[in-house]
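Enquirer:
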Amino acid sequence: MFLHFNTFASTSSLTLFSTFNAEVYAESQPINSFIDEFNQPLTKGNSAFTYNQFEVGVTYSAFSFGLQSRYDYVMEFDPDTALYTHIEKNDLAFENRFYTYNLKAKNATSHGVFFSYKIDFNTPEITLTPKLSIFSSKHFQDGNINGQVLADKPQGNFNIDYAFSKDRLFKSFSPQDRPKGLGFSLDIAFDWQISEQLILGLAIKDLYYKSNYADAGYALGSIQDIPFQEDNEGNVYSEPAISLKTSGNNQTKDHSLTMPARYYGTLDYRISSLFSTQLAFRSIKNDQFTSLLGRWHFSDNWALMAGYENKSEAWKIGIGSKSIGINFQTDSLDFEKAYYLHFNTYLSILF
Numbered sequence: 079m080f081l082h083f084n085t086f087a088s089t090s091s092l093t094l095f096s097t098f099n100a101e102v103y104a105e106s107q108p109i110n111s112f113i114d115e116f117n118q119p120l121t122k123g124n125s126a127f128t129y130n131q132f133e134v135g136v137t138y139s140a141f142s143f144g145l146q147s148r149y150d151y152v153m154e155f156d157p158d159t160a161l162y163t164h165i166e167k168n169d170l171a172f173e174n175r176f177y178t179y180n181l182k183a184k185n186a187t188s189h190g191v192f193f194s195y196k197i198d199f200n201t202p203e204i205t206l207t208p209k210l211s212i213f214s215s216k217h218f219q220d221g222n223i224n225g226q227v228l229a230d231k232p233q234g235n236f237n238i239d240y241a242f243s244k245d246r247l248f249k250s251f252s253p254q255d256r257p258k259g260l261g262f263s264l265d266i267a268f269d270w271q272i273s274e275q276l277i278l279g280l281a282i283k284d285l286y287y288k289s290n291y292a293d294a295g296y297a298l299g300s301i302q303d304i305p306f307q308e309d310n311e312g313n314v315y316s317e318p319a320i321s322l323k324t325s326g327n328n329q330t331k332d333h334s335l336t337m338p339a340r341y342y343g344t345l346d347y348r349i350s351s352l353f354s355t356q357l358a359f360r361s362i363k364n365d366q367f368t369s370l371l372g373r374w375h376f377s378d379n380w381a382l383m384a385g386y387e388n389k390s391e392a393w394k395i396g397i398g399s400k401s402i403g404i405n406f407q408t409d410s411l412d413f414e415k416a417y418y419l420h421f422n423t424y425l426s427i428l429f
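Each residue of the sequence shown is one higher than the one before, counting from 79 in our numbering.
1. Can you find at least 3 beta carbon pairs, one from the region 92-103 and one from the region 417-429, that sit closer than 8 Å?
2. Take Thr128 and list the residues in its own chain whose beta-carbon comes closer than 6 Å to its own, dropping the five residues that flank it on each side.
3. Take Ile277 and list the residues in its own chain whose beta-carbon comes closer than 6 Å to its own, dropping the five residues that flank it on each side.
4. With burial defined as no fewer than 16 other Cβ atoms inside 10 Å of the residue's Cβ, what is the status of Pro119: buried or exposed?
5. Taking Cβ positions, are Glu133 and Gly144 nearer each other than 8 Å?
6. In chain order, what are the residue ranges of uninterrupted beta strand (DSSP E) at least 3 long that sit wholly in the region 327-398?
7. Just to confirm the assignment, what range does the alpha helix (DSSP H) spanning Glu414 have?
8. What is the rounded straight-line gap between the Cα of Ala87 and the Cα of Glu166?
9. Could you check whether Ser369 and Ala386 sit closer than 8 Å to each other, using their CB atoms as the reference points?
10. List the endpoints of the continuous alpha helix (DSSP H) containing Thr159.
11. Take Phe112 as the anchor and find which of Phe413, Asp293, Val136, Lys288 has the nearest alpha-carbon.
12. Give the C-beta separation of Arg148 and Ser188 to the nearest angstrom, bearing in mind that I take them to be a contact with Cβ-Cβ under 8 Å.
13. When we look at the beta-carbon of Asp169 and count the other beta-carbons within 10 Å, is it buried (16 or more) or exposed?
14. Let me confirm a value: Arg175 is counted as buried when at least 16 other C-beta atoms fall within 10 Å, else exposed. Which label applies?
15. Do the CB positions of Asp265 and Gly279 come within less than 8 Å of each other?
16. Roughly how many angstroms separate the alpha carbons of Asp284 and Tyr162, rounded to a whole number?
17. Can you list, in chain order, the stretches of the beta strand (DSSP E) that have 3 or more residues and sit fully within the region 219-277?
18. Can you find the residues in the same chain that come closer than 7 Å, C-beta to C-beta, to Asn379, ignoring five residues on each side of it along the sequence?
19. With a cut-off of 8 Å on the beta carbons, I'd call Val227 and Tyr287 a contact; round off their distance for me.
20. Leaving out five residues before and five after Leu216 in sequence, what residues of the same chain have Cβ atoms less than 8 Å from its Cβ?
21. Give the range of the beta strand (DSSP E) segment to which Asn200 is assigned.
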């Protein structure tokens, strides 16, 4: 598992490298159902995320630079919101009560360049590698909806703060032209070879992430019930009061998108010339994952690996060397039932 930005080269060699990483995780529903019909049995959970990234670049000495494309998606929701959505989409019976509806979602597609530099602290055993990515983006969503809704009735109270390149919520306020975004992110990695057998690795991805969009679409305001109104005939009724500023008529505005930092830690131990193991930890928002991996070094340059991660309940298999490798991880080989999928491959050519 290559967390440290894949700087494959030796001190004075030129290396061409490419990496592709695709990771999808969902709670409350399997991935396919979460994206589409939400029709599988409801399970516990309040989050989902996707991180897809492709890079191609070169390394010379301690410098690395190249091209990057990435898609990032992060969602947080109240379990009551998942329950309400599941009932609504499957025509099930609602309880006669208010359901909490809290939903936060961010996603962005971006393309750009990256630069990194490996710093040695007067010893090759300790290195620090900062990495700067600069990118453009025309596709994003950044929404926050919180409130309550009464069963299957059109009654509820909502606060809405939603910015977008395309309106996927109301489907009415998309700007005429795609907004133009420019942003950057900062990653950092720390490696310490404690002994010949033991290596510690720490990394923070998106330690800082910000993308500024010009002429973005938006919807900002509230939808609230005003109860106990009375008409001319003495009938009491309720109707929603809508106070919503939008990008209708192309009244766009600027928007800044941020992404949460992701934290990684690994501890590698070389048991013998044939076997090694790795204990890994990562934290993404409120989700923490711990995994244990074993490797069989069946030749000087190649190893087979297998491991298990606790929170995702996913098994991992892979094969690799310093120059090429492939890894796959999932909790179910029946992809219709999978809550977690992770695919990673890398290639490097030394000149």
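Note that the Cβ used here is the ideal one computed from N, Cα and C, for glycine as well.
Expert: Looking at the coordinates:
1. yes
2. Exclusion of the five residues before and after Thr128 leaves Val102, Tyr151 as the residues of its chain whose Cβ lies within less than 6 Å of its Cβ.
3. Excluding the 5 residues flanking it on each side, Ile277 has same chain C-beta neighbours closer than 6 Å at Gln271, Asp346, in chain order.
4. exposed
5. Going by C-beta atoms, Glu133 is nearer than 8 Å to Gly144.
6. The qualifying runs are 331-336, 340-348, 353-362, 365-374, 381-387, 392-398.
7. Premise fails: Glu414 is in no alpha helix (DSSP H) and is neither H nor E.
8. The predicted position of Ala87 is uncertain, since its pLDDT is 41 and thus under 50; a value taken from the coordinates is nonetheless stated next. Spanning the two alpha carbons is a distance of roughly 54 Å.
9. Note on residue identity: the sequence assigns Tyr, not Ala, to residue 386. Closer than 8 Å, so yes.
10. 157-167
11. Phe413
12. 6 Å
13. That one is exposed.
14. exposed
15. no
16. 33 Å
17. 234-242, 258-271
18. Ser399, Lys400
19. So it is not a contact: roughly 32 Å between Cβ atoms.
20. A small correction: the amino acid at residue 216 is Lys; Leu does not occupy that position in the sequence shown. Counting only Cβ-Cβ distances below 8 Å, and skipping sequence neighbours, we find Thr187, Ser243, Arg256, Pro257, Lys258, Gly259.
21. Per DSSP, Asn200 belongs to no beta strand (DSSP E) and is neither H nor E.
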